[in-house]
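Student:
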Amino acid sequence: MEGDIDVVRLHDAVVLSSGFPLLSGVDLRIGAGSLSVVTGANGAGKTSLLRLLAGLIPLTSGVATVAGIDLAEGDPRQLRRRVGWLGHEGSFYDDLSVRENLVFAARALDRPTSEIGSVVERVGLSHRIDTTTRQLSAGQRRRLGLAWLLLRRPELWLLDEPYASLDDDGRTFFDALLGDVVASGATVVVSAHDPLRSAALNPRTILLAGGRVVGDN
Amino acid sequence: MFRTALLVAAKDLRIELRSRVLLWQVVPFGVVALLLSGLALGPAHAGNSSAGPGLFYLVTLFVALLMINRSQAIESTPGTKASIATLGLDPAGVFLGKSLALCVELWATGLVLLAGAILVLHTALHGALVALPSIGVTLAAMAAAGTLYGALTAGGDGAATLLPVLTLPAFAPLLIAGERSFSAALHGGALWEWWVILTVALVAYLAVGVLLYGVLEES
Numbered sequence: 096m097e098g099d100i101d102v103v104r105l106h107d108a109v110v111l112s113s114g115f116p117l118l119s120g121v122d123l124r125i126g127a128g129s130l131s132v133v134t135g136a137n138g139a140g141k142t143s144l145l146r147l148l149a150g151l152i153p154l155t156s157g158v159a160t161v162a163g164i165d166l167a168e169g170d171p172r173q174l175r176r177r178v179g180w181l182g183h184e185g186s187f188y189d190d191l192s193v194r195e196n197l198v199f200a201a202r203a204l205d206r207p208t209s210e211i212g213s214v215v216e217r218v219g220l221s222h223r224i225d226t227t228t229r230q231l232s233a234g235q236r237r238r239l240g241l242a243w244l245l246l247r248r249p250e251l252w253l254l255d256e257p258y259a260s261l262d263d264d265g266r267t268f269f270d271a272l273l274g275d276v277v278a279s280g281a282t283v284v285v286s287a288h289d290p291l292r293s294a295a296l297n298p299r300t301i302l303l304a305g306g307r308v309v310g311d312n
Numbered sequence: 007m008f009r010t011a012l013l014v015a016a017k018d019l020r021i022e023l024r025s026r027v028l029l030w031q032v033v034p035f036g037v038v039a040l041l042l043s044g045l046a047l048g049p050a051h052a053g054n055s056s057a058g059p060g061l062f063y064l065v066t067l068f069v070a071l072l073m074i075n076r077s078q079a080i081e082s083t084p085g086t087k088a089s090i091a092t093l094g095l096d097p098a099g100v101f102l103g104k105s106l107a108l109c110v111e112l113w114a115t116g117l118v119l120l121a122g123a124i125l126v127l128h129t130a131l132h133g134a135l136v137a138l139p140s141i142g143v144t145l146a147a148m149a150a151a152g153t154l155y156g157a158l159t160a161g162g163d164g165a166a167t168l169l170p171v172l173t174l175p176a177f178a179p180l181l182i183a184g185e186r187s188f189s190a191a192l193h194g195g196a197l198w199e200w201w202v203i204l205t206v207a208l209v210a211y212l213a214v215g216v217l218l219y220g221v222l223e224e225s
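Keeping their order, the protein sequence lines are chains A and B. Heads up: the first sequence begins at 96 in the working numbering, then just goes up one per residue. Heads up: the second sequence begins at 7 in the working numbering, then just goes up one per residue.
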């Protein structure tokens, strides 16, 4: 499944926060059009790794290239426009409706707002399109996050604990969507406590511990 | 840049209309503060006092601090901040948009407080109308400076404490010039000198914000 071109290249990547190591010498290559799952215990560095790849936290030392952009030298804003981020916290304006949040994102990205209807239908939120985000359940907020990413069509999807708050139907839907995204050529990196349920997705599993890669298969 | 500014301003104003924080929390607080100011002066002195413009701007300052905190809080939750960051919006446009939205909110609140000053502090209606343009420029400059300092303190543990401490030196010349021009409109005197100071301050804060907002966001 992994492509020939690396979307992510990390060599001895270190990220410190107030002197505390979040990542301590990570070596990692992720090919284009692949699905990788980053697992590990709490505090292993899963979220920090994804945030580094999204350009949301700075690289302290080492070499890191994401989507062809050198994280040590390049403009993080340039990188952020090319990645899609779905965090485990709430990710939207709570007082705007599903439609208004997506219209804002579409206009910010110069995307046609006419796509919003089909994207919302795809994630199963058509019946809540005019509901404010504050009134959505945690699982529905995840679906809104996916709609946001589908609208953006980033080349690298970074999903931090996407299965949290999802029921069985939500997980099945999510697995199917991930399969479609990877099949379309995008690269997906997911952080999760447990391996993906769907064997059909056949993801690469990267195990982190103490801010280092300790397993990769 | 201007397209982003309009997008962000429209979004902030829509959130404000939806949440009604301005209507149900900020404006009532300002009106109560104005009423208490009138009571402090006493009925015999309120109409004749020259303190009206100063009290108007004192209450406006309190209200502005609440609104600046609110404006930044919209963006400051960790998840929202990360998601919006990946949109790659032009920071200069974000600054101008947030300043514009805050300015509109301050103008709306300022009109209510001005009406309150006329009713409670017996400020002369004609003088208040003459002062209206200078109040508009003062509040616009406060919006620009407030957005800049709001971004500086946003997300920090002591944001609510730091904001007034940091903004006061920036607001002080604006409040003095605003109060002087308001007083000149009420009691006579040169207006244009204060106009020049206010306009220069507005342009300076806008220019600094356009240049530095991206750096503040990243930090």
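Note that the Cβ used here is the ideal one computed from N, Cα and C, for glycine as well.
Along chain B, which residues have their Cβ under 8 Å away from the Cβ of F199/A?
Tutor: Here the question's residue 199/A lines up with position 104 in the first sequence. Taking a Cβ-Cβ threshold of 8 Å, the residues of chain B close to F199/A are L13, K17, in chain order.
Student: Find the residues of chain B that neighbour G179/A, judging by a C-beta separation of less than 7 Å, and give them in chain order.
Tutor: For this step, residue 179/A is matched to residue 84 along the first sequence. Residues of chain B passing the Cβ test: T92.
Student: Among residues of its own chain, excluding the 5 on either side of Y155/B, which ones have a beta-carbon nearer than 6 Å to its beta-carbon?
Tutor: For the purposes of this step, residue 155/B is taken as residue 149 along the second sequence, with counting starting at 1. Only L172, T173 meet the Cβ criterion.
Student: Please list the residues of the region 70–99 of chain B that have a C-beta atom closer than 7 Å to any C-beta atom in chain A, keeping them in chain order.
Tutor: I80, T83, P84, G85, T86, A88, S89, A91, T92, L93, G94, L95
Student: Do you know how far the Cα of G157/A is from the Cα of D107/A?
Tutor: As a first step, residue 107/A is located in the first sequence; it is residue number 12 there, counting from the start. As a first step, residue 157/A is located in the first sequence; it is residue number 62 there, counting from the start. Those two C-alpha atoms are separated by around 5 Å.
Student: How is H288/A classed by DSSP in three states: helix, strand or coil?
Tutor: Walking along the first sequence from the start, residue 288/A turns up at place 193. It is coil, neither helix nor strand.
Student: Could you list the residues in the region 16–50 of chain B with a C-beta less than 8 Å from some C-beta on chain A, going in chain order?
Tutor: The residues in question are K17, R20, I21, R24, S25.
Student: Name the two residues that bound the continuous alpha helix (DSSP H) containing F62/B.
Tutor: Counting from 1 along the second sequence, the entry for residue 62/B is found at position 56. First-last of the alpha helix (DSSP H) with F62/B: 58–82.
Student: Since L253/A and V178/A are thought to touch, with beta carbons under 8 Å apart, how far apart are those beta carbons, to the nearest angstrom?
Tutor: Translated into positions along the first sequence, residue 253/A becomes position 158. Translated into positions along the first sequence, residue 178/A becomes position 83. That pair is a contact at about 6 Å.
Student: Ignoring anything shorter than 4 residues, give me the alpha helix (DSSP H) runs that lie fully in the region 180–249 of chain A, in order along the chain.
Tutor: List check, alpha helix (DSSP H) in window: 193–203, 211–217, 233–247.
Student: Please classify A259/A: is it buried, with 16 or more other beta-carbons within 10 angstroms of its beta-carbon, or exposed?
Tutor: Position 164 of the first sequence holds residue 259/A. Answer is exposed; the Cβ neighbour count stays below 16.
Student: Please identify, using Cβ separations under 8 Å, the residues of the region 186–198 of chain A that lie next to chain B, in order along the chain.
Tutor: S186, F187, Y188, D190, L191, E195
Student: Taking the continuous beta strand (DSSP E) assigned at G126/A, which residues delimit it?
Tutor: For the purposes of this step, residue 126/A is taken as residue 31 along the first sequence, with counting starting at 1. DSSP places G126/A inside the beta strand (DSSP E), whose first and last residues are 115–126.
Student: Does G44/B come out as helix, strand or coil in the three-state DSSP assignment?
Tutor: Taking the first residue of the second sequence as 1, we reach residue 44/B at position 38. The answer is helix: DSSP assigns G44/B an H, G or I state.
Student: Tell me where the alpha helix (DSSP H) around W30/B begins and ends.
Tutor: Start at 1 with the first residue of the second sequence, and residue 30/B comes out as number 24. Run containing W30/B: none; DSSP gives neither H nor E here.
Student: Can you confirm whether L261/A, when its beta carbon is compared against all beta carbons of chain B, has any partner nearer than 8 Å?
Tutor: Translated into positions along the first sequence, residue 261/A becomes position 166. No, L261/A lies away from the interface with chain B (no Cβ there is under 8 Å from its Cβ).
Student: Under three-state DSSP, which class holds H128/B?
Tutor: As a working note, residue 128/B is residue 122 in the second sequence. In the structure shown, H128/B sits in coil (DSSP, three-state: anything other than H, G, I, E or B).
Student: Closer than 6 Å by C-beta to V309/A: which residues in its own chain qualify, once you throw out the five before and the five after it? Chain order, please.
Tutor: Within the first sequence, the letter at position 214 stands for residue 309/A. Within the same chain, V309/A has close Cβ partners L302.
Student: Just how far apart, CA to CA, sit T129/B and A123/B?
Tutor: Taking the first residue of the second sequence as 1, we reach residue 129/B at position 123. Taking the first residue of the second sequence as 1, we reach residue 123/B at position 117. If you take the alpha carbons of T129/B and A123/B, they lie about 6 Å apart.
Student: When DSSP labels each residue in this structure, what does S112/A get in the three-state scheme?
Tutor: Counting from 1 along the first sequence, the entry for residue 112/A is found at position 17. Look at S112/A here: in three-state DSSP terms it is strand.
Student: If you reduce the DSSP assignment to three classes, tell me which class D270/A lands in.
Tutor: For this step, residue 270/A is matched to residue 175 along the first sequence. D270/A falls in the helix class under three-state DSSP.
Student: Looking at chain B, is there any beta carbon in it that lies within less than 8 Å of the beta carbon of T227/A?
Tutor: By one-based count along the first sequence, residue 227/A stands at place 132. Taking 8 Å as the threshold, the shortest C-beta distance from T227/A to chain B falls below it.
Student: Between which residues of its own chain and G98/A is the CB-CB distance below 7 Å, once the five residues before and five after are set aside?
Tutor: Counted from its first residue, the first sequence places residue 98/A at position 3. Caution applies to G98/A, whose pLDDT of 48 falls short of 50 and renders its modelled position unreliable; the model cannot decide the point.
Student: Kindly indicate the opening and closing residues of the alpha helix (DSSP H) around A218/B.
Tutor: Stepping through the second sequence from its first residue, residue 218/B is reached at position 212. Reading the sequence as shown, one finds Leu at residue 218/B and not Ala. 198–224 is the extent of the alpha helix (DSSP H) around L218/B.
Student: Helix or strand or just coil, what does DSSP make of V167/B?
Tutor: In the second sequence, the residue the question calls residue 167/B occupies position 161. The sequence given here places Thr at residue 167/B; Val does not occur at that position. Correct three-state label for T167/B: helix.
Student: Just verifying my parser: in three-state terms, what is the DSSP assignment at L302/A?
Tutor: The residue labelled residue 302/A in the question sits at position 207 within the first sequence. In this structure, L302/A counts as strand in the three-state DSSP scheme.
Student: With a CB to CB cut of under 8 Å and the five nearest residues on each side skipped, what residues in its chain are close to R247/A?
Tutor: In the first sequence, residue 247/A corresponds to position 152, counting from 1. G179, A200, L204, R206, listed in sequence order.
Student: Return the first residue and the last residue of the beta strand (DSSP E) that L307/A is part of.
Tutor: To locate residue 307/A, count along the first sequence from 1; it is residue 212. Checking the sequence shown, residue 307/A turns out to be Arg, not Leu. Counting along the chain, the beta strand (DSSP E) containing R307/A begins and ends at 307–311.
Student: Given this structure, state the Cα-to-Cα distance separating R186/B from S56/B, to the nearest angstrom.
Tutor: The sequence position of residue 186/B within the second sequence is 180, counting from 1. The sequence position of residue 56/B within the second sequence is 50, counting from 1. Distance between the alpha carbons of R186/B and S56/B is about 11 Å.
Student: Where does the unbroken beta strand (DSSP E) through D18/B begin, and where does it stop?
Tutor: By one-based count along the second sequence, residue 18/B stands at place 12. Here D18/B belongs to no beta strand (DSSP E); instead the alpha helix (DSSP H) covers 8–25.
Student: Mind pulling the chain B residues with CB within less than 8 Å of G169/A?
Tutor: Locating residue 169/A in the first sequence gives position 74, where the first residue counts as 1. In chain order: nothing, as chain B lies at least about 13 Å away.
Student: Along the region 145–159 of chain A, what residues have a CB closer than 7 Å to any CB found in chain C?
Tutor: Absent here is chain C; the protein component of the structure consists of chains A and B.
Student: Can you tell me which of the three DSSP states I100/A falls into?
Tutor: Taking the first residue of the first sequence as 1, we reach residue 100/A at position 5. Coil, per DSSP.
Student: I want to see whether chain A comes within less than 8 Å of L212/B, judged by CB atoms only; does it?
Tutor: Along the second sequence, read from residue 1 onward, the residue named residue 212/B stands at position 206. Closer than 8 Å: no.
Student: Taking all protein chains shown into account, do 16 or more other C-beta atoms lie within 10 angstroms of the C-beta of M96/A, making it buried, or fewer, making it exposed?
Tutor: What you label residue 96/A is simply residue 1 of the first sequence in a count that begins at 1. Confidence is the limiting factor: at M96/A the pLDDT is only 42, short of 50, which leaves the residue's position unreliable, though a coordinate-based value still follows. Label assigned to M96/A: exposed.
Student: For a contact meaning CB atoms closer than 8 Å, what does G182/A contact in chain B?
Tutor: Translated into positions along the first sequence, residue 182/A becomes position 87. Ordered by position in chain B, the residues that pass the 8 Å Cβ test against G182/A are P84, G85, A88, S89.
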